[in-house]
Amino acid sequence: MYHTNITKVNIKLINHIPNKYEMKKIIAGMLDGGAEFIKHEGELYCVHGGKVHKWPEFPQQVIDIIEDDFVKHPEAVKSLALWENLLPEEYTYRYILCRFGGIDDEPDINGEGKITHTEYFECGLRGKCRFEGKLCCSIKADFGVLTKMELEVLKYSSLSYKEIGDTLFISPETVSSHLQSLRSKTGLKNNAQLAVYAQQKGIVNG
């Protein structure tokens with residue numbers, strides 16, 4: 001089983017973080033019961049319990065949390081089922097990599113065992129992967145990265161502001177703000193174009 005104390009790999013795994021990250025919090029798993037997943041030099045690691053674990057030797061507690069979360073996201077399940085030449089035993093690895101492979105200020109799993117789904121990971125397939133925004137949580141548009149809530153609004157962009165708000169339990173003003181951000185990030189001019197974009201990206205069916 002591969003694992004080592006966090007101090008021995010700190011330089012290798014933490015110092016590779018790009019300068020654009022200003023880490024304001026201690027990485028999850030260093031001092032608490034949380035976990036942070038990191039892809040580094042072709043390997044997938046998990047920081048948990050003050051140690052760094054290399055895939056596939058992740059703690060079972062962490063695997064259980066991830067697999068429980070996995071089945072709650074049918075779009076991710078469907079994406080993995082449709083992924084060519086992907087074996088069932090690789091599903092958990094791919095789910096972790098696509099959804100949590102980067103690093104940011106928020107824990108992938110916090111000390112209470114709750115998962116954060118806000119991470120953007122540059123996997124090398126952004127803008128080309130047909131599962132983008134379904135297996136992972138974000139889509140890279142021409143002028144920015146779409147957030148999870150922006151993706152939800154985009155999914156219903158053919159509806160009125162009130163209908164979108166009622167569906168997502170947010171105000172029409174908040175809907176308007178998200179749509180404005182979507183237009184800015186995609187470079188599209190109106191909601192009709194956003195609705196077509198959503199179809200093209202497979203965010204909505206039909």
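Going by full-length UniProt numbering, the residue at position 113 of the sequence shown is 113; the numbering climbs one at a time, nothing skipped.
We put the CB at the ideal spot given by N, CA and C, even for glycine.
In this text the structure is predicted, and so the values were computed from the model without any measurement.
Look at the Cβ atom of Leu-80, then the Cβ atom of Arg-94, and state whether they are nearer than 8 Å.
On the sequence shown, residue 80 is found 80 positions in, with the first residue counted as 1. On the sequence shown, residue 94 is found 94 positions in, with the first residue counted as 1. In this structure, Arg-94 lies closer than 8 Å to Leu-80 by Cβ.
Could you check the C-alpha separation between Glu-122 and Ile-96 for me, to the nearest Å?
Mapped onto the sequence shown, residue 122 falls at position 122. Mapped onto the sequence shown, residue 96 falls at position 96. Near 13 Å, if we compare the C-alpha coordinates of Ile-96 and Glu-122.
Do you know offhand how far Leu-135's Cα is from Gly-29's?
Counting from one through the sequence shown, the residue named residue 135 turns up at place 135. Counting from one through the sequence shown, the residue named residue 29 turns up at place 29. Computed Cα separation, rounded: 24 Å.
Since residue 211 sits in a beta bridge, which residues does DSSP pair it with?
The structure shown does not extend to residue 211, since the chain is modelled only from 1 to 206, so the question has no answer here.
Alpha helix (DSSP H) containing Gly-165: first to last residue?
Numbered from 1 along the sequence shown, position 165 holds the residue referred to as residue 165. Note, Gly-165: alpha helix (DSSP H), 161 to 168.
Span of the alpha helix (DSSP H) holding Ala-195?
The sequence position of residue 195 within the sequence shown is 195, counting from 1. Here the alpha helix (DSSP H) through Ala-195 covers 191 to 200.
For His-117, I'd like the list of residues in its chain whose CB is within less than 8 Å of its CB, leaving aside the five on either flank, ordered along the chain.
For this step, residue 117 is matched to residue 117 along the sequence shown. The answer, listed in chain order, is Arg-99, Cys-137 and Lys-148.
Output needed for Glu-75: all residues of its chain with C-beta closer than 6 Å, excluding positions within five of it in sequence on either side, in chain order.
As a first step, residue 75 is located in the sequence shown; it is residue number 75 there, counting from the start. The residues are Lys-134.
Is it buried or exposed for Gly-165, if we count other Cβ within 10 angstroms and need 16 for buried?
Here the question's residue 165 lines up with position 165 in the sequence shown. By the 10 Å Cβ count, Gly-165 comes out buried.
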